[in-house]
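Visitor:
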Amino acid sequence: MEFKTKKNQNASVDIKLTFDKNDLEKAFEKTYKEKQKDLKIPGFRPGKAPIEMVKRHLGDSVANDAINLLLLETVSELSGKLEHKMVRFPKFTVEDYVPEKSLVATAVYDTDPEVSLGKYKKIKIKLPEVQVTDEDIVEELQFVRKQLARKLLREPGEGAENGDIVDMEFEVKEEGQEPKNAKNGSSDYKLGEPNNLPGFDDNLYGIKTAETKNFFYTYPSDYPREDLAGKKMEFAMTLKAIYKEVLPELDDDLANEYDGSTSLQVLKDKIKSDLQKNYTEAVKSKKMEDIYKELVADSKFVFPESYLTEESEHVYQNMMQDVLGRGQARIPKEQIPSIEKYAEMVGKPLEEVRDSFKTIAENRLKGYFSRQKLASAENIVLTDEDFDREISTLASRYGMPDADFKKELEKGKLLETYRDNFLAKKIDDTLFQLVEKKYNEKMSIRQLKEFLSNKETGEVWQ
Numbered sequence: 435m436e437f438k439t440k441k442n443q444n445a446s447v448d449i450k451l452t453f454d455k456n457d458l459e460k461a462f463e464k465t466y467k468e469k470q471k472d473l474k475i476p477g478f479r480p481g482k483a484p485i486e487m488v489k490r491h492l493g494d495s496v497a498n499d500a501i502n503l504l505l506l507e508t509v510s511e512l513s514g515k516l517e518h519k520m521v522r523f524p525k526f527t528v529e530d531y532v533p534e535k536s537l538v539a540t541a542v543y544d545t546d547p548e549v550s551l552g553k554y555k556k557i558k559i560k561l562p563e564v565q566v567t568d569e570d571i572v573e574e575l576q577f578v579r580k581q582l583a584r585k586l587l588r589e590p591g592e593g594a595e596n597g598d599i600v601d602m603e604f605e606v607k608e609e610g611q612e613p614k615n616a617k618n619g620s621s622d623y624k625l626g627e628p629n630n631l632p633g634f635d636d637n638l639y640g641i642k643t644a645e646t647k648n649f650f651y652t653y654p655s656d657y658p659r660e661d662l663a664g665k666k667m668e669f670a671m672t673l674k675a676i677y678k679e680v681l682p683e684l685d686d687d688l689a690n691e692y693d694g695s696t697s698l699q700v701l702k703d704k705i706k707s708d709l710q711k712n713y714t715e716a717v718k719s720k721k722m723e724d725i726y727k728e729l730v731a732d733s734k735f736v737f738p739e740s741y742l743t744e745e746s747e748h749v750y751q752n753m754m755q756d757v758l759g760r761g762q763a764r765i766p767k768e769q770i771p772s773i774e775k776y777a778e779m780v781g782k783p784l785e786e787v788r789d790s791f792k793t794i795a796e797n798r799l800k801g802y803f804s805r806q807k808l809a810s811a812e813n814i815v816l817t818d819e820d821f822d823r824e825i826s827t828l829a830s831r832y833g834m835p836d837a838d839f840k841k842e843l844e845k846g847k848l849l850e851t852y853r854d855n856f857l858a859k860k861i862d863d864t865l866f867q868l869v870e871k872k873y874n875e876k877m878s879i880r881q882l883k884e885f886l887s888n889k890e891t892g893e894v895w896q
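Counting with this note's numbering, you get residues 435 to 896 for the letters of the sequence shown.
1. Based on the DSSP secondary-structure assignment, which residues constitute the bridge partners of I559?
2. Drop a sphere of 10 angstroms on the beta-carbon of W895, count the other beta-carbons inside from all chains shown, and report buried for 16 or more, exposed for fewer.
3. Express the C-alpha separation of F462 and D472 in angstroms, rounding to a whole number.
4. Taking the alpha helix (DSSP H) that E548 falls in, what are its first and last residues?
5. Leaving out five residues on either side along the sequence, give the residues of the same chain with a beta carbon under 6 Å from the beta carbon of T891.
6. Whether or not the region 537-547 and the region 563-571 are in contact is what I'm after, with contact meaning three or more pairs of Cβ atoms, one per stretch, closer than 8 Å; do they touch?
7. Checking 7 Å against the spacing of the C-beta atoms, do E824 and F856 come in under that value?
8. Using the beta-carbon count (16 or more within 10 Å), is E774 buried or exposed?
9. Looking at S621: is its Cβ nearer than 7 Å to the Cβ of S733?
10. Which residues mark the beginning and the end of the alpha helix (DSSP H) in which F523 is found?
11. Smallest Cα separation from K624: which of L698, K585, V578 and E608?
12. When burial is assigned at 16 or more other CB atoms within 10 Å of the CB, is T545 buried or exposed?
13. Rounding to the nearest angstrom, what Cα-Cα distance links L701 and A583 in this structure?
14. Report the rounded CA-to-CA distance for G591 versus G633, giving the unit in angstroms.
15. Could you give the distance in angstroms between the alpha-carbon of S510 and the alpha-carbon of D818?
16. Taking the alpha carbon of N596 as the reference point, which residue from A483, E739, I676 and G481 has its own alpha carbon closest?
17. Starting from R579, trace the alpha helix (DSSP H) in both directions and tell me its first and last residue.
18. Below 7 Å CB to CB, which residues in the same chain sit around N442 once its five sequence neighbours on both sides are set aside?
19. What is the DSSP secondary structure of E884, counted as helix, strand or coil?
20. Can you tell me the Cα-Cα spacing of E893 and I814, whole angstroms?
21. Name the residue from P835, R831, Y713 and K467 whose alpha carbon lies nearest to the alpha carbon of Q881.
22. Should the region 545-559 be regarded as contacting the region 868-875, the criterion being three or more beta carbon pairs within less than 8 Å?
23. In terms of alpha-carbon separation, which member of V564, K489 and K704 lies closest to K474?
24. What separation, rounded to the nearest whole angstrom, lies between the Cα atoms of F669 and D656?
25. Within 10 angstroms of its Cβ, does F478 collect 16 or more other Cβ (buried), or is it exposed?
26. Could you pull out every residue in the same chain whose Cβ sits closer than 8 Å to the Cβ of Q611, ignoring the five residues on either side in sequence?
27. Count the other CB atoms within 10 Å of the CB of Q769; is the residue buried (16 or more) or exposed (fewer)?
28. From the DSSP secondary-structure annotation, give me the bridge partner or partners of S446.
29. Which word fits S746, buried or exposed, when buried means at least 16 other C-beta atoms lie within 10 angstroms of its C-beta?
30. Taking 8 Å as the limit between beta carbons, can you name the residues of its chain near K455, skipping five residues before and five after?
31. From M671, L505, L503 and K767, pick the residue whose C-alpha is nearest to that of V600; which is it?
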């Protein structure tokens, strides 16, 4: 057997295989012996006919099977000899076949994507410097106080106020109709919370314990329950109990109760350290988006068309899973409409829709392979020690022994996923250290929350 290859410009390779008489004889011999096992010939039990009789009986009818076997075994043998790795078995075309003499087959196979990284060490970024202020610490301590708050039952003559916690019972019906359900109840409902229905709590202020108040409320038009969105409902509300929230004093006892700190000052120091660490990491994560965008823009990529096709389909399938399953139930693939049907649904040309998913796919591939190329260029690997250290950090966060946490990951077949994530983090950490950084301003935690909330979507580096 002889083979020739020619590298193309699109991360593919032309391959030509030429087989002689001896190659064909061996492939046919193996095929005849395989067919012999089940072949029924009059006068012989299945599989017991002599091989020479099998050959005469089947003749050249096994040519397709023999040729496929020959190609499969040859590609398997060549896998370690090819200059450009074959990433999937290609579809061969038989160019010339002379029975019992010769065979010529050709194919175009995909090889690894080609990545030429830009000058990543010359990337310059500006980022804010984390500055934890006294006001930031006071705000965090207020959260601590709320976590340790106690409920004090209000006197019967006291009305409900903003910030109170109530147990309530109510009957609700559409305007002018009879109630469809029995009375409803809710406990530990806190008045004035930002996530409460807009304007609803205004109807509850001033109600006293055991007092019933009737009022109308119109649900927002974008309310998640379609049967209630935009509807005007009548409530008969009774507050069964009203509690005012009593916050503990800011003292050493509070610090000890919260996390065992020996004093309030020790707790303050912990809070300051945690805020500094967490927000420094958050700023870094946000800036990594900019770093990878610049790295990708300054790099060159050549992807096999099959990579783009497969990733585009993956992007489409994931999007439809989110839309149809609403992030909860996994939708069977056969229930997901084809991309052609989707194009009809959104009223856009099919090619425009395909191109949009292809663009997303290409960005993702660029981000992934630039990261892999960087790991190769900087000799970044995840050692067993690195892996165990990361596992230990996560295990302690969940309050579990390292071995137990690792067993849980093994049960869920998640060990390799976590290993990949740890390696990606190590690559990111290395890149962050390599780029040129300039801290251009100091920001308090309050300012940083606003800075970090302005996140862009569609990161290419995820």
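Each residue gets a CB set at the ideal place from its N, CA and C atoms; glycine is no exception. It should be emphasised that the depicted structure is a prediction, and the values quoted were computed from it without experimental measurement.
Guide: Working from what's here:
1. The partner list for I559 (beta bridge, DSSP) reads K871.
2. Any reading at W895 must be qualified, since the residue scores a pLDDT of 35, below 50, and its modelled position is unreliable; the value itself is stated next. A residue is called buried once 16 or more other Cβ atoms fall within 10 Å of its Cβ, and W895 is buried on that count.
3. C-alpha separation (whole angstroms): 16 Å.
4. Annotation for E548: no alpha helix (DSSP H) segment contains it, though the beta strand (DSSP E) segment containing it runs E548 to S550.
5. Because the pLDDT of T891 is 38, which lies under 50, any placement of that residue in the model is unreliable, and the number read from its coordinates should be weighed accordingly. Around T891, the same chain offers no residue with a beta carbon nearer than 6 Å, after the five sequence neighbours per side are excluded.
6. Cβ pair count under 8 Å is below three, so no.
7. The answer is yes: Cβ separation under 7 Å.
8. Classification for E774: exposed.
9. It is not a contact, given that the beta carbons lie outside the stated cut-off.
10. Under the DSSP assignment, F523 falls outside any alpha helix (DSSP H); it carries neither an H nor an E label.
11. Nearest option by C-alpha distance: K585.
12. That one is buried.
13. Straight-line spacing of the CA atoms in L701 and A583 works out to 17 Å.
14. G591 and G633: Cα-Cα distance of roughly 24 Å.
15. S510 and D818: Cα-Cα distance of roughly 32 Å.
16. For the residues A483, E739, I676 and G481, the minimum Cα distance to N596 belongs to I676.
17. D568 to Q581 is the span of the alpha helix (DSSP H), which, as asked, contains R579.
18. Cβ within range, chain order: D448.
19. Three-state DSSP puts E884 in a helix.
20. Caution is warranted here: a pLDDT of 39 is assigned to E893, below 50, making its placement in the model unreliable, and the coordinate value is therefore given only provisionally. Rounded to the nearest angstrom, the two C-alpha atoms are 23 Å apart.
21. It is Y713.
22. Flag = yes, the region 545-559 and the region 868-875 touch.
23. With respect to the C-alpha of K474, the residue from V564, K489 and K704 having the closest C-alpha is K489.
24. Rounded to the nearest angstrom, the two C-alpha atoms are 20 Å apart.
25. It counts as exposed.
26. Take Q611, set aside five residues on each side of it, and no residue of its chain has a beta-carbon closer than 8 Å to its own.
27. Per the 10 Å Cβ criterion, exposed.
28. Under DSSP, S446 forms a beta bridge with D544.
29. Buried, by the Cβ-count rule.
30. Cβ neighbours of K455 beyond the five flanking positions: E534, K535 and S536.
31. Comparing alpha carbon positions, the residue from M671, L505, L503 and K767 closest to V600 is M671.
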